[in-house]
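Peer 1: Provided herewith is a single structure, encoded as C-alpha cells, for subsequent inquiry.
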Amino acid sequence: MLQKIINKLNDLRPRQLLILACAAAFLMFVTLIVAMNFITKQEVVVMPEPVKEEKPIIETTSVVTAKVNIPPRTRIQENMLEMKEVPNILVPEGAITSFDDVKNVQIKVSIFSGDILTIQKVFNDTANEGFIGSIPSDCRAVSISVSEITGVAGFAKPGDRVDLLLAEKTNYSATTNILLQNVPLLSVNQDTAGSNIVDSSGVVTSSAISNPTIATFALPPQDVLKLISASKLGEIYMMLRPSNPTANYVPDMEYTIDSISKPRPETPAIPSNPVPNMPLPQIPAVPVAPPVPKIDIILGDEIVQSSQDVAPAKSAGANSALPAIPSGGSVSAPQPDVPLSNVPVMNQIRKNL
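Numbering-wise, my numbering puts 330 at position 328 of the sequence shown, and it's gapless, one number per residue.
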C-alpha cells in the first residue's frame with residue numbers, strides 16, 4: 003500500500019506536488035487549532051470568592067489644633083484654631099477639646115500649624131498666672147526709668163532678653179560700659195504680656211510698645227543693688243538681644259570719649275640746644291670765731307661798760323688780768339669770770355669800791 007502511494011507521488015508533476023503540500027499544511031494547521039481549543043475548554047479554573055474583611059472600628063476624639071503658627075506670649079483667638087478628629091491612640095495627655103478652654107489665654111511656647119493644644123502649652127495653672135508667676139525663684143523684680151531712646155524704641159517686649167549699659171557724663175568726657183548681660187525683661191510700663199497681634203486671616207504679627215517709660219527686670223539680689231546704684235550715677239540703656247545669639251555673654255567693655263573743649267595740660271617748652279646740667283661749685287666753709295665775753299663794771303650808782311674785749315685764755319693755767327678802774331688810783335682785785343647778773347657778786351664789787 004505504501005509502495006503504491008510512493009509510486010503515485012513519483013508520477014505527479016511538481017505543480018501537483020506543491021498543491022498537495024499546501025493542502026497537507028493547511029490540514030495540519032486546522033487540526034492544531036482545533037486541538038488547542040479543545041484543551042482550553044477542558045481546563046476550568048475555579049477562582050475562590052474574596053472574603054469580605056470587616057473594617058476595624060477606630061475610636062476618635064475631637065481635639066483643638068492650631069490652624070497657623072503661633073509664637074509664644076500670644077493671646078489665643080478662635081480664628082487661630084480648628085477642631086479635628088484624631089484617633090484616641092494619637093491623642094496626647096492633657097489635650098484640649100474645647101475652644102472655650104483656651105480662648106484669650108496666653109501660650110507658653112511656640113505652637114506650629116497642626117499641633118494639638120495641650121494643658122502644658124498654655125497658662126492654665128492659676129497659681130502661676132499673673133506677674134508674680136513670671137519671676138524666677140532665685141530673682142527679684144526691679145524697675146528703672148526708660149525712654150523711647152534708652153528702651154530700644156519700644157521693640158523690647160516682655161519675655162525678651164536685653165543687655166544693660168551704663169552711660170556716665172562728666173564736664174569734659176563721657177564713659178559707657180556694659181553693666182549687666184542677658185537680663186530677662188518682665189514688663190514694659192504695666193504690660194506683662196507683650197501679646198502679638200493676630201489679624202482676621204490668622205496671621206500673627208508683632209508691634210512695638212508705644213511710649214515706654216518703665217522697664218521691669220528679673221535679677222538676682224546682688225545685681226539689683228548694682229543696677230540701682232548705677233542708675234544714680236548715669237543713664238541706663240537697653241540693648242535688645244537676638245533670638246539666637248552667637249554667645250550668651252561677651253567680655254566686659256568700656257569706652258570713654260573726651261570733649262573737644264577739654265583743656266589740654268601745659269607742657270614745658272624744650273630748648274633746641276639744651277644746656278647740660280653742670281655740678282655747682284663747692285664753697286668752702288668759713289670758720290666762725292668763738293664768742294668773746296664782755297665784762298660790765300658798776301661804779302657807784304652808774305654802770306660802765308668796758309669797750310675792751312677780754313680774749314679767751316690760751317691755756318688752762320694762764321690768767322688774764324682785768325683792766326684798771328680809773329677811780330682814786332685804786333685797783334680792784336681780779337674777779338672770777340662769772341655772770342654779772344649774780345646779786346652777791348655785784349654786792350662784792352660795790353664793797354671793794
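A virtual CB, placed ideally from N, CA and C, is assigned to each residue, including glycine.
Let me check understanding here. Comparing Cα to Cα, which of 258, 143 and 59 lies closest to residue 224?
Peer 2: 143
Peer 1: Can you list, in chain order, the residues of its chain whose CB lies under 7 Å from that of residue 319, leaving out five sequence neighbours each side?
Peer 2: Note that residue 319 scores a pLDDT of 46, beneath 50, so its modelled location is shaky; the value from the coordinates is reported in the next line. If we look at residue 319 and ignore the five residues flanking it on each side, it has no Cβ neighbours.
Peer 1: Quick check on DSSP: helix, strand or coil for residue 213?
Peer 2: coil
Peer 1: What does the alpha-carbon distance come out to for the pair residue 42 and residue 90?
Peer 2: Going by the C-alpha atoms only, they are around 55 Å apart.
Peer 1: Do the stretch 234 to 241 and the stretch 164 to 180 make contact, defined as three or more Cβ pairs closer than 8 Å?
Peer 2: yes
Peer 1: What is the DSSP secondary structure of residue 124, counted as helix, strand or coil?
Peer 2: The three-state reading of DSSP puts residue 124 in strand, counting E and B together.
Peer 1: Would you kindly check if the distance between the Cβ of residue 160 and the Cβ of residue 193 is under 8 Å?
Peer 2: yes
Peer 1: DSSP three-state label for residue 177, please.
Peer 2: DSSP places residue 177 in strand when its eight states are reduced to three.
Peer 1: What residue from 64, 269 and 236 has the CA that sits closest to residue 146's CA?
Peer 2: 236
Peer 1: Just to confirm, are residue 141 and residue 74 a CB contact at a threshold of 8 Å?
Peer 2: no
Peer 1: Looking only at its chain, what residues have a beta carbon closer than 6 Å to the beta carbon of residue 170, apart from the 5 residues adjacent to it on each side?
Peer 2: 177, 235 and 236
Peer 1: Cutting at 7 Å between CB atoms, please list the residues of its own chain near residue 186, excluding the five before and the five after it.
Peer 2: Residues 163, 219 and 220 of the same chain have their beta carbon placed closer than 7 Å to that of residue 186, with the five preceding and five following residues left out of the count.
Peer 1: Considering only residues of the same chain and omitting the five flanking positions on each side of residue 112, which have a CB-CB separation below 6 Å?
Peer 2: These residues qualify, in order along the chain: 73 and 74.
Peer 1: What does the Cβ neighbour count give for residue 316, buried or exposed, with the cut at 16 atoms within 10 Å?
Peer 2: Note that residue 316 scores a pLDDT of 48, beneath 50, so its modelled location is shaky; the value from the coordinates is reported in the next line. The residue is exposed, with fewer than 16 neighbouring Cβ atoms inside 10 Å.
Peer 1: Roughly how far, in whole angstroms, is the beta-carbon of residue 167 from the beta-carbon of residue 229, given that I think they are within contact range, below 8 Å?
Peer 2: The pair is not a contact, with the Cβ atoms about 11 Å apart (cut-off 8 Å).
Peer 1: What does the alpha-carbon distance come out to for the pair residue 100 and residue 58?
Peer 2: Roughly 28 Å between the two C-alpha positions.
Peer 1: What would DSSP say about residue 79, mapped onto helix, strand or coil?
Peer 2: coil
Peer 1: According to DSSP, residue 222 sits in a beta bridge with which residue or residues?
Peer 2: Answer is none; residue 222 lacks a bridge partner.
Peer 1: Nearest to residue 117 by CA position, among 98, 135 and 103, is which residue?
Peer 2: Closest in C-alpha terms to residue 117, from the list 98, 135 and 103, comes 98.
Peer 1: Quick check: residue 96 and residue 76, are their CB atoms within less than 8 Å of each other?
Peer 2: no
Peer 1: Please work out which residues of its chain come closer than 6 Å, Cβ to Cβ, to residue 87, disregarding the five sequence neighbours upstream and downstream, and give them in chain order.
Peer 2: 62 and 64
Peer 1: What are the boundary residues of the beta strand (DSSP E) that includes residue 239?
Peer 2: 237 to 242
Peer 1: At which residues does the beta strand (DSSP E) containing residue 260 begin and terminate?
Peer 2: 256 to 260
Peer 1: Quick one: using the 10 Å Cβ neighbour count with 16 as the cut-off for buried, is residue 262 buried or exposed?
Peer 2: With fewer than 16 other Cβ atoms within 10 Å, it is exposed.
Peer 1: Taking 8 Å as the cut-off, decide whether the C-beta atoms of residue 78 and residue 110 are in contact.
Peer 2: No, these two residues do not count as a Cβ contact at 8 Å.
Peer 1: Near residue 250, what residues of its chain come up, given a Cβ to Cβ distance below 7 Å and the 5 sequence neighbours on each side ignored?
Peer 2: 184
Peer 1: I need the straight-line Cα distance from residue 108 to residue 123, nearest angstrom please.
Peer 2: 9 Å
Peer 1: Mark residue 175 as exposed unless 16 or more other C-beta atoms lie within 10 angstroms of its C-beta, in which case mark it buried.
Peer 2: exposed
Peer 1: Could you pull out every residue in the same chain whose Cβ sits closer than 8 Å to the Cβ of residue 188, ignoring the five residues on either side in sequence?
Peer 2: 133, 136, 137, 143, 160, 194, 218, 219 and 220
Peer 1: Which residue's Cα is closest to the Cα of residue 158: 173, 213, 11 and 115?
Peer 2: 213
Peer 1: What separation, rounded to the nearest whole angstrom, lies between the Cα atoms of residue 258 and residue 85?
Peer 2: 60 Å
Peer 1: Is the beta carbon of residue 148 less than 8 Å from the beta carbon of residue 216?
Peer 2: yes
Peer 1: Comparing C-alpha positions only, which one of 281, 264, 115 and 289 sits nearest to residue 66?
Peer 2: 115
Peer 1: Quick one: what does DSSP say residue 330 is sitting in, helix, strand or coil?
Peer 2: Because the pLDDT at residue 330 is just 47, under 50, the model does not fix this residue reliably, and the point stays unresolved.
Peer 1: Helix or strand or just coil, what does DSSP make of residue 14?
Peer 2: coil
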